[in-house]
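Take any residue in the sequence shown, note its place counting from 1, add 316, and you have its number in my numbering.
Glycine residues also receive a C-beta, built at the ideal position from the N, C-alpha and C atoms.
Keep in mind it's a predicted model, so treat the numbers as computed, not measured.
One structure is given here, and the rest of the page talks about it.
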Amino acid sequence: MLEILFMMLERLGIIVTIAFVVTRLQFSRNMLTVTKMTTKQTYAAMVFFGVFGIIGTYSGFALSLDTFQYERSLLGIETNEAIANFRVIGVVLAGIFGGYKVGGGAGLIAGGHRFLLGGYTGLACGLASIIAGLLGGLYNQKYKQMPSIPVIILLGALAETIQMVMIIILSRPLDRVIALVQMIGFPMIIANGLGCGLFLLIIKSVQEKEDRVGASHAQQTLRIADQTIKHLRNGLTAQSAEVVCNILFSETKPIAVAITNQSDILAHIGQGSDHHRSGDPIQTEATREVIHNGEIDVTTKKGIHCDHPNCTLRFAVIAPLKSREKTIGTLKIYYADQHHMKNAAIELVSGLSVLLSNQIELSEAEEAYQLAQKAEINALQAQMSPHFMFNSLSAVNALIRIDPNKAREMIQSLSQFIRQNIKASNQRITTIEAELSHIKSYLTIEETRFSERLQINYDIDATALQTKLPPLTLQPIVENAIKHGIKDIERSCSILIAVKTKREHVEIMIKDDGKGIARDQLTCIGNKIIDSKTGTGVGLYNINRRLELTFGHASALQIKSEENNGTTVSFSVPRLEGSFDE
317 MLEILFMMLE RLGIIVTIAF VVTRLQFSRN MLTVTKMTTK QTYAAMVFFG VFGIIGTYSG
377 FALSLDTFQY ERSLLGIETN EAIANFRVIG VVLAGIFGGY KVGGGAGLIA GGHRFLLGGY
437 TGLACGLASI IAGLLGGLYN QKYKQMPSIP VIILLGALAE TIQMVMIIIL SRPLDRVIAL
497 VQMIGFPMII ANGLGCGLFL LIIKSVQEKE DRVGASHAQQ TLRIADQTIK HLRNGLTAQS
557 AEVVCNILFS ETKPIAVAIT NQSDILAHIG QGSDHHRSGD PIQTEATREV IHNGEIDVTT
617 KKGIHCDHPN CTLRFAVIAP LKSREKTIGT LKIYYADQHH MKNAAIELVS GLSVLLSNQI
677 ELSEAEEAYQ LAQKAEINAL QAQMSPHFMF NSLSAVNALI RIDPNKAREM IQSLSQFIRQ
737 NIKASNQRIT TIEAELSHIK SYLTIEETRF SERLQINYDI DATALQTKLP PLTLQPIVEN
797 AIKHGIKDIE RSCSILIAVK TKREHVEIMI KDDGKGIARD QLTCIGNKII DSKTGTGVGL
857 YNINRRLELT FGHASALQIK SEENNGTTVS FSVPRLEGSF DE
């Protein structure tokens, strides 16, 4: 028995070696690392493990029922011979790996082969192989995960024990069968259990390696995303493509990287850059095909089809760059030989093309948002001018009848104001200093109207004068204070305009001591256009909207008021004194 055990362990080394070599093939690595198999992969797994079960059969040795002598080589089998083998290893693992279908299919292949070999244990061993596959499938169905090494050893030993029982039940003569089982049962149970454990260890090492490769690619992709996003923010251009190609060339280590649009090469880094130049028409036939069908392509020199006699580019993975499902260009990564174009490399290029496509699409969405934002700001500013002009001309019309000289002065002030207003309407951003100058032109007109009943006070920090804010922001607030706060009050009223520097922000406040705002309207003013006898609030709503669009919600208007006790409108803006992105 010990001699047979040692022989089994010796043959087990052959099985383990074969398993190690086979699982290093790309086909088996792809199959062993999938989480959910397609129909094609299921049949491939059946055949793979079934063939491994057949190899396990031929790795054993024949044992005569008459003499209980064994032959080290298994060239054929007589009717009175049995085989000490490792068939259940592949079959059990088939069930554990792929479930009932794969386990049963592999068992049928390996068991059917064993039955066809003949021998008095042929039927028992054939049926036991199918049962072993179903046993592995039972574990897969119940636990949905790979077992630990001790568990798989026990499952392999159990499958072999079942085979010994089947031999006793189905094979005859019984006395010799029992003697055979006593001789080979224990060695085969031990050897097949250990074989299952070692084979699973090899499979797990393959999966762990693929996981490490996947994690490495994920980290690499994140690094590339971090480096490329700022360059693609302005879209796919020759400049951004060149920077991205340099990043990809450094990170992925191919022989060349290129990016094209639909017709021209935008950038080409690495080998072939002497004749694949930025701005040249696309030279690669395979690139045109990818642009046409929108699918990734793995191509050779024939597909590259470069006419240059000294071109060294022979192998490439070409992936489409898309925006809104439309192919707008390609990403091409060239390799030195076909050996480098493994599935992992193809998946990496595919992932990079999706990453770059998303970044390009985001840049286009951002550009569209900015254009829409500017259009809205311009539209809001355009609403200001008619609003002010109507009130100003009404005031001039009244003064012409009362005091022509003051009316003349008011027209001059109005002319100056309109000139400033037109200039401001063509800008997205201005300074507090320019806004204050605008207000003073407006208040010169209003002070003429109100004579001694209107007093204007200023509390301005000189350090805040160059701070940026949207044009036509302060004048409508002052206009509202006069029109809705103090216009109908007989007593003298005042308006305070304060600008204060507060660390990183500038606070702006316009306060009047007029009649205030009704409580039921206070929460709506500035947030929406309201239906009121005294006005719609469109001026404050527009200002509030422009401030939020420009600086965010933190710069929204804050309005405090009590009836018959005045109104305070305040907001803050960041201290932006340099250039401003318009």
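Strand pairing of residue i, partner residues [DSSP]
{"i": "residue 645", "result": "637"}
{"i": "residue 771", "result": "810"}
{"i": "residue 784", "result": "747"}
{"i": "residue 394", "result": "Beta-bridge pairing links residue 394 to no other residue."}
{"i": "residue 817", "result": "822"}
{"i": "residue 584", "result": "574"}
{"i": "residue 625", "result": "Answer by DSSP bridge pairing: none, since residue 625 is not bridged."}
{"i": "residue 876", "result": "884"}
{"i": "residue 615", "result": "632"}
{"i": "residue 889", "result": "822"}
{"i": "residue 776", "result": "815"}
{"i": "residue 400", "result": "377"}
Backbone CA spacing between residue i and residue j [nearest angstrom]
{"i": "residue 323", "j": "residue 348", "result": "30 Å"}
{"i": "residue 367", "j": "residue 418", "result": "12 Å"}
{"i": "residue 847", "j": "residue 641", "result": "Reliability fails at residue 847, whose pLDDT of 49 lies under 50, so the model's placement of it is uncertain and the value that follows must be treated cautiously. So the two alpha carbons sit approximately 45 Å from each other."}
{"i": "residue 459", "j": "residue 557", "result": "49 Å"}
{"i": "residue 794", "j": "residue 819", "result": "26 Å"}
{"i": "residue 732", "j": "residue 807", "result": "30 Å"}
{"i": "residue 828", "j": "residue 883", "result": "6 Å"}
{"i": "residue 749", "j": "residue 867", "result": "19 Å"}
{"i": "residue 758", "j": "residue 735", "result": "12 Å"}
{"i": "residue 629", "j": "residue 743", "result": "52 Å"}
{"i": "residue 437", "j": "residue 395", "result": "9 Å"}
{"i": "residue 726", "j": "residue 739", "result": "20 Å"}
{"i": "residue 415", "j": "residue 408", "result": "10 Å"}
{"i": "residue 728", "j": "residue 681", "result": "46 Å"}
{"i": "residue 411", "j": "residue 354", "result": "16 Å"}
{"i": "residue 626", "j": "residue 602", "result": "19 Å"}
{"i": "residue 852", "j": "residue 635", "result": "Low local confidence applies: a pLDDT of 47 at residue 852 is under 50, so the model's placement there is unreliable, with the coordinate-based value given in what follows. About 56 Å."}
{"i": "residue 317", "j": "residue 568", "result": "56 Å"}
{"i": "residue 359", "j": "residue 673", "result": "36 Å"}
{"i": "residue 330", "j": "residue 468", "result": "20 Å"}
{"i": "residue 877", "j": "residue 783", "result": "27 Å"}
Residue i, DSSP secondary structure in three states
{"i": "residue 719", "result": "coil"}
{"i": "residue 729", "result": "helix"}
{"i": "residue 671", "result": "helix"}
{"i": "residue 650", "result": "strand"}
{"i": "residue 956", "result": "Any property of residue 956 remains undetermined from this structure, which presents the chain solely from 317 to 898."}
{"i": "residue 607", "result": "helix"}
{"i": "residue 589", "result": "coil"}
{"i": "residue 377", "result": "strand"}
{"i": "residue 463", "result": "coil"}
{"i": "residue 834", "result": "coil"}
{"i": "residue 489", "result": "coil"}
{"i": "residue 542", "result": "helix"}
{"i": "residue 598", "result": "coil"}
{"i": "residue 827", "result": "strand"}
{"i": "residue 321", "result": "helix"}
{"i": "residue 547", "result": "coil"}
Cβ pair residue i, residue j closer than 9 Å
{"i": "residue 677", "j": "residue 648", "result": "no"}
{"i": "residue 516", "j": "residue 478", "result": "no"}
{"i": "residue 482", "j": "residue 507", "result": "no"}
{"i": "residue 540", "j": "residue 514", "result": "no"}
{"i": "residue 480", "j": "residue 511", "result": "no"}
{"i": "residue 833", "j": "residue 879", "result": "yes"}
{"i": "residue 813", "j": "residue 826", "result": "yes"}
{"i": "residue 612", "j": "residue 633", "result": "yes"}
{"i": "residue 859", "j": "residue 830", "result": "no"}
{"i": "residue 790", "j": "residue 754", "result": "yes"}
{"i": "residue 585", "j": "residue 562", "result": "yes"}
{"i": "residue 462", "j": "residue 525", "result": "no"}
{"i": "residue 597", "j": "residue 581", "result": "yes"}
{"i": "residue 745", "j": "residue 709", "result": "no"}
{"i": "residue 369", "j": "residue 423", "result": "yes"}
{"i": "residue 661", "j": "residue 650", "result": "no"}
{"i": "residue 476", "j": "residue 522", "result": "no"}
{"i": "residue 770", "j": "residue 811", "result": "yes"}
{"i": "residue 413", "j": "residue 335", "result": "no"}
Neighbour flag for residue i against chain B, beta carbons, 9 Å
{"i": "residue 593", "result": "Of the protein chains in the structure, only one exists, and it is not chain B."}
ask   = Per the contact definition of three or more C-beta pairs closer than 8 Å, is the stretch 408-422 in contact with the stretch 442-454?
value = yes
request  = Decide if the stretch 429-439 is in contact with the stretch 362-377; the criterion is three or more beta carbon pairs, one per stretch, under 8 Å apart.
outcome  = yes
query = Three or more C-beta pairs closer than 8 Å, one from the stretch 533-544 and one from the stretch 349-365: is that the case here?
reply = no
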